[in-house]
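S.K.:
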Amino acid sequence: MTSPRNRIRQAPGLTAAVLLALSTAATQAAAANRQCVAAVEQHLQSLGLDAGAIAQTKYVTDIANLEFGNVREYQAWTPLKACAGGLVTKLTTSCRVKETYARGDCNVPGAKRG
């Protein structure tokens with residue numbers, strides 16, 4: 016009987032193909048994610064937040080299926096300097112804002128509580 020470890024060694028092409036697919040999906044998702052920066056900045060300004068109120072926004076790609084790289088949505092995590100917490104903005108894959116919610120002790124008019 017072949018152990019799982021030996022089966023992986025016997026199919027290095029498959030392992031390499033899966034890793035390549037994941038790497039390609041991650042690279043494509045990161046590039047598409049960067050396209051949402053302007054949409055997020057505009058949305059934060061619409062909530063009355065200027066650049067001085069924001070610590071640093073981090074962008075996250077929510078992938079529904081790692082094997083095929085299907086992106087479900089993008090998220091922008093924005094810590095705020097005036098409170099312990101921040102905002103999470105969820106966006107479609109075309110960078111349309113779906114929802115924004117506040118985390119921690121932050122309260123921002125126009126953002127839900129998360």
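For the sequence shown, our numbering begins at 16 and goes up steadily by one. The beta-carbon is built from N, C-alpha and C at its ideal position, and this holds for glycine as well. In this text, all values refer to a predicted model and were calculated from it rather than measured experimentally.
Is it true that the CB of residue 106 sits closer than 9 Å to the CB of residue 123?
M.R.: Position 108 of the sequence shown, counting from 1, holds the residue named residue 123. Position 91 of the sequence shown, counting from 1, holds the residue named residue 106. Not a contact, by the Cβ cut-off of 9 Å.
S.K.: Counting only the same chain and skipping the five closest in sequence on each side, list residues whose C-beta sits under 7 Å from that of residue 101.
M.R.: Here residue 101 is taken as the residue at index 86 of the sequence shown, counted from 1. Once the five neighbours on either side are set aside, the close Cβ partners of residue 101 are 92, 93, 94, 95, 118, 119 and 121.
S.K.: For residue 102, report the span of its beta strand (DSSP E) as first-last.
M.R.: Start at 1 with the first residue of the sequence shown, and residue 102 comes out as number 87. Run containing residue 102: 100-106, per the beta strand (DSSP E) assignment.
S.K.: From the DSSP output, which residues share a beta bridge with residue 114?
M.R.: Here residue 114 refers to the residue found at position 99 of the sequence shown. Per DSSP, 105.
S.K.: Assign residue 75 to one of three DSSP states: helix, strand, or coil.
M.R.: On the sequence shown, position 60 is the one that residue 75 refers to. Strand.
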